[in-house]
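Please read the structure below before turning to the comments.
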Amino acid sequence: MIENAHTTTLQNVARGLLGTFMVVAGTGHLTFARQEFQAQVPDFVPLSKDTVVLQSGVVEIGLGLALLTLKGKHRVRMGLGLAVFYALVFPGNVHQYTHHISAFGLDTDAKRLGRLFFQPVLMGWALWSTGALSALKRKQ
């Protein structure tokens, strides 16, 4: 059973920033950064790259809006869901690195490698800012 989690002002601000980032990134999938996001879709994905980018953009907008609006145990679930989402899109970041794809200012292997290490930070940010991390600790 997932419990409610109290969050601090700092966590609330961090969650607001992450939610806004997700809405902007999702909008980018649908509009101004669509081609750059397509370059990150691994070849093994069985859908067209454009379909994947459009669908993930809609999901990112939804996740961002949920981060900005959900309360209580729903917010905790959202944090868990967003962390899973970040894990699911990680192969795209690996694909960008292993295929030397320049996008979003990541124009060197060193920058692309650094981006790989940022994914766990995003996962932790999602878990911490929603109170999911403390809810999981209490559950143990």
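To convert, count from 1 in the sequence shown and add 17; that's our numbering.
The beta-carbon is built from N, C-alpha and C at its ideal position, and this holds for glycine as well.
Going by beta carbon distance, what residues of the same chain come within less than 8 Å of residue i, once the five residues before and after it are set aside?
| i | result |
| --- | --- |
| Y114 | D126, R129, L130, R132, L133 |
| V76 | G43, F102 |
From the DSSP output, read off the bridge partner residues of residue i.
| i | result |
| --- | --- |
| A152 | Bridge partners of A152: none, in fact. |
| W123 | According to the sequence displayed, residue 123 carries Leu and not Trp. Per DSSP, A120. |
Terminal residues of the continuous alpha helix (DSSP H) containing residue i?
| i | result |
| --- | --- |
| Q55 | 51 to 55 |
| P137 | 126 to 146 |
| L47 | 26 to 47 |
| D67 | 66 to 86 |
| H112 | 89 to 115 |
Within 10 angstroms of its Cβ, does residue i collect 16 or more other Cβ (buried), or is it exposed?
| i | result |
| --- | --- |
| R155 | exposed |
| L34 | exposed |
| F49 | exposed |
| G122 | exposed |
| L139 | buried |
| G36 | buried |
With distances taken between CB atoms, is the gap from residue i to residue j smaller than 8 Å?
| i | j | result |
| --- | --- | --- |
| Q57 | G109 | yes |
| V62 | V70 | no |
| S146 | A31 | yes |
| L82 | M95 | no |
| T105 | G74 | According to the sequence as given, residue 105 is Leu; it is not Thr. No, the Cβ-Cβ distance between L105 and G74 is not below 8 Å. |
| H117 | P59 | no |
Excluding the five sequence neighbours on either side, which residues of its own chain have a C-beta within less than 6 Å of the C-beta of residue i, listed in chain order?
| i | result |
| --- | --- |
| G89 | N21 |
| F148 | Before going on, a small fix: residue 148 reads as Gly here, not Phe. Around G148: A22, T24, V93. |
| I11 | With the chain represented from 18 up to 157, any question about residue 11 goes unanswered, as that position is not in the structure. |
| L99 | L80, A143 |
| F54 | H46, V70 |
| L150 | L144 |
| Q28 | S146 |
Who are the Cβ neighbours of residue i in its own chain at under 7 Å, not counting the five residues just before and after it?
| i | result |
| --- | --- |
| Q136 | Y103, F107, N110 |
| A152 | I19, E20, A22, V93 |
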